[in-house]
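Colleague:
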Amino acid sequence: LYAHEGGAPAEGAAHVVRLCDPAVEIVNGAYYDRDQRVPPAAVAEEPRSVKRLTKLADSLVGQTV
247 LYAHEGGAPA EGAAHVVRLC DPAVEIVNGA YYDRDQRVPP AAVAEEPRSV KRLTKLADSL
307 VGQTV
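Counting in our numbering, the sequence shown runs from 247 upward without gaps.
#1: Cutting at 7 angstroms between CB atoms, please list the residues of its own chain near LEU306, excluding the five before and the five after it.
#2: Going by DSSP, what residue range makes up the beta strand (DSSP E) through ASP279?
#3: I need the straight-line Cα distance from LEU302 to VAL296, nearest angstrom please.
#4: Helix, strand or coil: which one does DSSP assign to VAL273?
#5: Below 8 angstroms on the Cβ atoms is my guess for ARG264 versus VAL270; work out the distance and round it to an integer in Å.
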C-alpha cells in the first residue's frame with residue numbers, strides 16, 4: 247500500500263477491505279502488494295537485520311530484549 251503513492255484513497259481502502267474479508271484466505275505475517283501475496287525483501291529475512299529491528303522496536307515501546 248505504501249509503495250504505490252498517488253493512488254486514490256478508495257483504491258487503497260479496497261485492498262484493505264478485501265484482505266479483511268473472512269472469505270479471502272490470507273497468511274498472517276505474509277507480505278502483500280496491494281492484495282497479492284508477495285515474497286519478502288531479502289533484508290526482511292536476514293537474521294542480523296531481524297535482530298536489530300526487534301531490538302529497536304522493543305526499545306521504542308519500552309521493553310528489553
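Every residue gets a Cβ at the ideal spot worked out from N, C-alpha and C, and that includes glycine.
Nothing here was measured: the structure is a model prediction, and the numbers come from that model.
Modeller: Reading it off the structure:
#1: Around LEU306: no qualifying Cβ.
#2: 277–279 is the extent of the beta strand (DSSP E) around ASP279.
#3: Their Cα atoms are separated by approximately 10 angstroms.
#4: Assignment of VAL273 by DSSP, reduced to helix, strand and coil, places it in the coil class.
#5: With 8 angstroms as the limit, ARG264 and VAL270 qualify as a contact, their Cβ atoms being about 6 angstroms apart.
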